[in-house]
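Student:
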Amino acid sequence: MEATDLSQIVWRAPEWINALGGLRTDNILEYFSQSPFFDRSSNNAVLKQQSQFQNFGDIPQALQKMRGVEFAIYDARPPDLWTIAKQVRESVEEVQVVNMYFIANGNIYQAPDVDAIMQSRLLNISSSIAEALDALKAQVSFTPAGGYQYGPKPGPATEPDASRASTAREEADTKAMHKALFSAMQAQ
77 MEATDLSQIV WRAPEWINAL GGLRTDNILE YFSQSPFFDR SSNNAVLKQQ SQFQNFGDIP
137 QALQKMRGVE FAIYDARPPD LWTIAKQVRE SVEEVQVVNM YFIANGNIYQ APDVDAIMQS
197 RLLNISSSIA EALDALKAQV SFTPAGGYQY GPKPGPATEP DASRASTARE EADTKAMHKA
257 LFSAMQAQ
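Next comes the structure, spelled out in structure tokens:
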């Protein structure tokens with residue numbers, strides 16, 4: 077079964093925040109556990125279920141003794157910002173971070189992964205380069221007598237339809253190049 081992509085979801089429960097008098101570091105994991113980002117089979121959920129019937133004392137210490145998926149506060153800047161790490165614990169010292177989430181003003185977001193960030197940045201770069209090349213191409217003209225000249229192209233004043241057709245062709249070429257670059261980025 078394939079995991080659901082939660083990177084486009086924002087979750088918020090204002091009624092929960094109001095009922096407990098606001099978000100604090102001591103209740104932020106409980107708030108996070110209400111969201112769709114929380115793994116109901118995590119060690120946090122197991123300890124929460126078991127602590128209803130027995131006292132575990134300090135839950136973060138109890139989590140360190142367990143192996144498997146857990147959620148931990150990675151960074152706290154109350155009252156408006158917390159970072160939660162979903163991690164896999166192999167031993168007391170060995171932890172591998174799987175996902176990061178952040179809570180900003182009560183909204184919970186999944187942090188984007190490095191691939192998504194790089195893909196977005198590369199698409200922006202390629203788009204900017206294509207625009208720069210188009211602008212440069214519009215500034216170059218060549219005549220046998222004068223060679224290459226840079227600046228606005230001198231256009232015949234009597235043929236406005238020809239320049240419109242040329243511009244439309246250039247726009248179509250630009251769109252085709254953007255589409256090809258985007259497809260190439262998606263294929264990676």
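In terms of this note's numbering, the sequence shown opens at residue 77 and continues consecutively. Virtual Cβ for every residue (Gly too), placed ideally from N, Cα, C.
(1) Using the Cα positions of Gln-186 and Pro-228, report the straight-line distance between them to the nearest angstrom.
(2) Quick check on Gln-163: buried or exposed, where buried means 16 or more other Cβ atoms within 10 Å of its Cβ?
(3) Helix, strand or coil: how does DSSP classify Glu-247 here?
(4) Is Thr-101 near Ala-148, with beta carbons less than 8 Å apart?
(5) Grouping DSSP H, G and I as helix and E and B as strand, with all else coil, what is Ser-217?
(6) Determine, using beta carbons only, whether Ile-104 and Trp-158 come nearer to each other than 8 Å.
(7) Looking only at its chain, what residues have a beta carbon closer than 7 Å to the beta carbon of Arg-143, apart from the 5 residues adjacent to it on each side?
(8) List in chain order: all unbroken beta strand (DSSP E) runs of 3+ residues lying wholly within the region 143-171.
(9) Go ahead and label Thr-234 buried or exposed: buried means 16 or more other beta carbons lie within 10 angstroms of its beta carbon, across all protein chains shown.
(10) If you run the structure through DSSP and keep just helix, strand and coil, what is Pro-89?
Tutor: The short version:
(1) Locating residue 186 in the sequence shown gives position 110, counting from the first residue. Locating residue 228 in the sequence shown gives position 152, counting from the first residue. The alpha-carbon atoms of Gln-186 and Pro-228 are separated by roughly 48 Å.
(2) Position 87 of the sequence shown, counted from the start, is the residue given in the question as residue 163. When all chains shown are included, Gln-163 counts as buried.
(3) Here residue 247 corresponds to residue number 171 of the sequence shown, with the count starting at 1. If DSSP states are grouped into helix, strand and coil, Glu-247 belongs with the helices.
(4) Walking along the sequence shown from the start, residue 101 turns up at place 25. Walking along the sequence shown from the start, residue 148 turns up at place 72. No, they are not a contact pair.
(5) For this step, residue 217 is matched to residue 141 along the sequence shown. Ser-217: strand per DSSP, three-state reduction.
(6) Taking the sequence shown and counting its residues from 1, the one referred to as residue 104 is at position 28. Taking the sequence shown and counting its residues from 1, the one referred to as residue 158 is at position 82. Yes, these two residues count as a Cβ contact at 8 Å.
(7) Here residue 143 corresponds to residue number 67 of the sequence shown, with the count starting at 1. Closer than 7 Å at the Cβ level, and outside the excluded window around Arg-143, lie Arg-165 and Glu-166.
(8) 144-153 and 157-165
(9) Position 158 of the sequence shown, counted from the first residue, corresponds to residue 234. With a pLDDT of 49 at Thr-234, under the threshold of 50, the predicted position of this residue should be treated as unreliable, though the coordinate-derived value follows. By the 10 Å Cβ count, Thr-234 comes out exposed.
(10) Here residue 89 refers to the residue found at position 13 when the sequence shown is read from its first residue. Note on residue identity: the sequence assigns Ala, not Pro, to residue 89. Three-state result, Ala-89: coil.
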